[in-house]
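**Q** Protein chains in written order, with the working numbering: chain A, 9 to 217; chain B, 9 to 217.
No residue lacks a Cβ here, since even glycine has one placed at the ideal position from N, Cα and C.
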């Protein structure tokens, strides 16, 4: 198909597709004349994935490129590809190495220790959690630390269900794609459902548990 | 204190403070000469809050201004202030009114109905969830819908604990501030813990439940 058709199928404007091509998020089509190229179904699929990561997952073009590189890195098991792509899609946070940061970093270590989870030192989510805990401490809102264990239990619960569903997918590429999309979308889905629950608890109260 | 001291206390650079003053995120200090102003402890507290919302919560300057306006809106109960500020901090998503969106919107309604939760039509998280579900459908990843109910249970679990902790705060302004900060940070904390749990389940497996 030509670029106009690719645009129609994916709802991505032609100039945006050209931008993604230049940025290496999409491989070039097969050139049929000096100013025309043909695109395949694989381009439709890839473009939909890029669009999901950028528009809904909120990833930058640079982060998306890195995620794609890790997703389809050669010689890795599907699980390793997913792991590396997940690391790439976790925003690194500005580190301010003050007292609050030091204390928060220790709280992160202690929480992981207490949970008994195996989390690599290189997992960028360590920094994400430390940053959030340091912010709480700078604002004097340390009461909220009491919520951490309940959060960890809830997170484990959903991660377990996710993994069980994921391993039912027999195709390695499809498995990786699903894991990556759901990593980004799952955060958003949880955030929306938490807002729903907050509203129901604050105003409704009559809800079924 | 002078602006340099305000900057030192909050770790926010002076030019950024001036920008926030121009943008109305921070009230003006008390002018002591034509080019100097004095700032109070209330400025330190407000600036730390603004910094948390922008740097860690990832809010835009415009969204932060709206959240602050709602937080301190006159004549509202603390719970109403929190609710309005929460609405303001939920990103609205680009709506593409295609078939996938229509179907996703119906799925959102059905899920709320099934949960028996009272969620207002104006809650912007409805749009957030619909957008995520529409993306899944466009990518052909509808298997993930099976995870929604578990997500909802986990979300309700943490929201309940949050609310119980919150209502222990006797001061109305402090209650609002805590609710808002934790709304933003809670999403980030959950996301980090979910990444931890995913890694532990994928590679560790020996974790305590």
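#1: With DSSP collapsed to three states, give me the class of residue 197(A).
#2: In chain A, what lies closer than 7 Å to residue 190(B) by C-beta?
#3: Tell me whether residue 71(A) sits in a helix, a strand or coil according to DSSP, three-state version.
#4: Is it the case that the stretch 54-68 of chain A contacts the stretch 178-196 of chain A, given that we only count it when at least three CB pairs across the two stretches are under 8 Å?
#5: What would DSSP say about residue 30(A), mapped onto helix, strand or coil?
#6: Find the nearest neighbour of residue 75(B) within the set 48(B), 34(B), 111(B) and 110(B), judged by alpha-carbon distance.
#7: Any idea what DSSP makes of residue 105(B), helix, strand or coil?
#8: Between residue 180(A) and chain B, is any beta-carbon pair separated by less than 8 Å?
#9: Pull up the distance between the alpha-carbon of residue 90(B) and that of residue 204(B), whole angstroms please.
#10: Please name the residue, chosen from 24(B), 200(B), 15(B) and 29(B), that lies closest to residue 134(A) on a Cα-to-Cα basis.
#11: Between 55(B), 167(B) and 44(B), which has its C-alpha nearest residue 155(A)'s C-alpha?
#12: If you draw a straight line from the C-alpha of residue 10(B) to the C-alpha of residue 142(A), how long is it?
#13: If you draw a straight line from the C-alpha of residue 175(B) to the C-alpha of residue 207(A), how long is it?
#14: Quick one: what's residue 230(B) bridged to in DSSP?
#15: For residue 162(A), count the other beta carbons within 10 Å of its own beta carbon; 16 or more makes it buried, fewer makes it exposed. Which is it?
#16: Per DSSP, which residues does residue 45(A) bridge with? Please list them.
#17: Taking 8 Å as the cut-off, decide whether the C-beta atoms of residue 137(B) and residue 116(B) are in contact.
#18: Applying the 10 Å Cβ sphere with the 16-neighbour rule, what's the burial state of residue 170(B)?
#19: Is there a Cβ of chain A sitting closer than 8 Å to that of residue 25(B), yes or no?
#20: With a cut-off of 8 Å, does the C-beta of residue 215(B) fall near any C-beta of chain A?
#21: Can you give the Cα-Cα distance for residue 73(B) and residue 22(B), rounded to whole angstroms?
#22: Skipping 5 residues on each side, what residues in its chain have a beta carbon closer than 8 Å to that of residue 15(A)?
#23: Give the straight-line distance between the Cα atoms of residue 105(A) and residue 55(B), rounded to the nearest whole angstrom.
#24: Give, in chain order, every residue of the stretch 75-91 of chain B whose Cβ lies closer than 8 Å to some Cβ of chain A.
#25: Which first and last residues belong to the alpha helix (DSSP H) in which residue 171(A) is found?
#26: Name, please, each residue of chain A whose Cβ falls closer than 9 Å to the Cβ of residue 14(B).
#27: Just to confirm, is the Cβ distance from residue 96(A) to residue 71(A) under 8 Å?
#28: Ordered along the chain, which non-local residues of its own chain (more than five positions away) have a Cβ less than 8 Å from that of residue 60(B)?
#29: When the Cα atoms are used, what is the spatial distance from residue 12(B) to residue 36(B)?
#30: Quick one: residues in its chain with C-beta nearer than 6 Å to the C-beta of residue 19(B), no 5 flanking neighbours on either side, listed in chain order?
#31: Determine the direct distance from the alpha carbon of residue 152(B) to that of residue 77(A), and round the result to whole angstroms.
**A** Checking against the coordinates, here is how it stands:
#1: helix
#2: 152
#3: helix
#4: yes
#5: helix
#6: 34(B)
#7: coil
#8: no
#9: 30 Å
#10: 200(B)
#11: 167(B)
#12: 25 Å
#13: 15 Å
#14: There is simply no residue 230(B) to check, as chain B begins at 9 and stops at 217 in what is shown.
#15: buried
#16: 39(A)
#17: yes
#18: buried
#19: no
#20: Reliability fails at residue 215(B), whose pLDDT of 43 lies under 50, so the model's placement of it is uncertain and the value that follows must be treated cautiously. It does; some Cβ of chain A falls within 8 Å.
#21: 19 Å
#22: 21, 22 and 25
#23: 19 Å
#24: 87, 90 and 91
#25: 156-174
#26: Correct list: empty, because the minimum Cβ distance to chain A is about 14 Å.
#27: yes
#28: 189, 192 and 193
#29: 15 Å
#30: none
#31: 24 Å
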